[in-house]
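What follows is one structure encoded as structure tokens, with my remarks underneath.
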Amino acid sequence: MIENLRQAAAIGDAARQAALAAFPQEAAYYQAICGGELDIGYWLFPHRYPISDTQ
Numbered sequence: 245m246i247e248n249l250r251q252a253a254a255i256g257d258a259a260r261q262a263a264l265a266a267f268p269q270e271a272a273y274y275q276a277i278c279g280g281e282l283d284i285g286y287w288l289f290p291h292r293y294p295i296s297d298t299q
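Read in the working numbering, the sequence shown has 299 at position 55, and its numbers run on one by one without any break.
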């Protein structure tokens with residue numbers, strides 16, 4: 245079970261890195277508006293994140 249969790253974490257990290265590379269402007273936007281590390285949830289559920297800091 246621990247190994248499965250490690251594999252899932254590695255897959256998640258690879259997906260995050262791929263998203264950063266594929267969508268650098270969107271990743272910069274996310275980091276500027278939401279702060280911190282890119283959350284894969286941003287790509288899966290964009291409606292949960294603000295469109296701008298004024299809305």
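Ideal Cβ placement from N, Cα and C applies to all residues, glycine included.
Problem - C-alpha distance - GLN251 paired with TYR274, whole-angstrom precision - result: Your numbering for residue 251 matches position 7 in the sequence shown. Your numbering for residue 274 matches position 30 in the sequence shown. Approximately 26 angstroms, taken between the alpha carbons.
Exercise for the section: May I have the straight-line CA-CA distance separating ARG260 from MET245, to the nearest angstrom? Expected result: Counting from one through the sequence shown, the residue named residue 260 turns up at place 16. Counting from one through the sequence shown, the residue named residue 245 turns up at place 1. One C-alpha to the other measures close to 23 angstroms.
Handout entry: LEU264 versus ALA253: straight-line alpha-carbon distance, rounded
Key = Here residue 264 refers to the residue found at position 20 of the sequence shown. Here residue 253 refers to the residue found at position 9 of the sequence shown. Each residue's alpha carbon lies about 16 angstroms from the other.
Practice task
Can you grab the Cα-Cα spacing for the pair GLN299 / ALA272, in whole Å?
Solution key: In the sequence shown, counting from the first residue as 1, residue 299 sits at position 55. In the sequence shown, counting from the first residue as 1, residue 272 sits at position 28. With a pLDDT of only 47 at GLN299, under the threshold of 50, the placement of this residue in the model should not be trusted; the figure read from the coordinates follows. Answer to the nearest angstrom: the Cα atoms are 18 angstroms apart.
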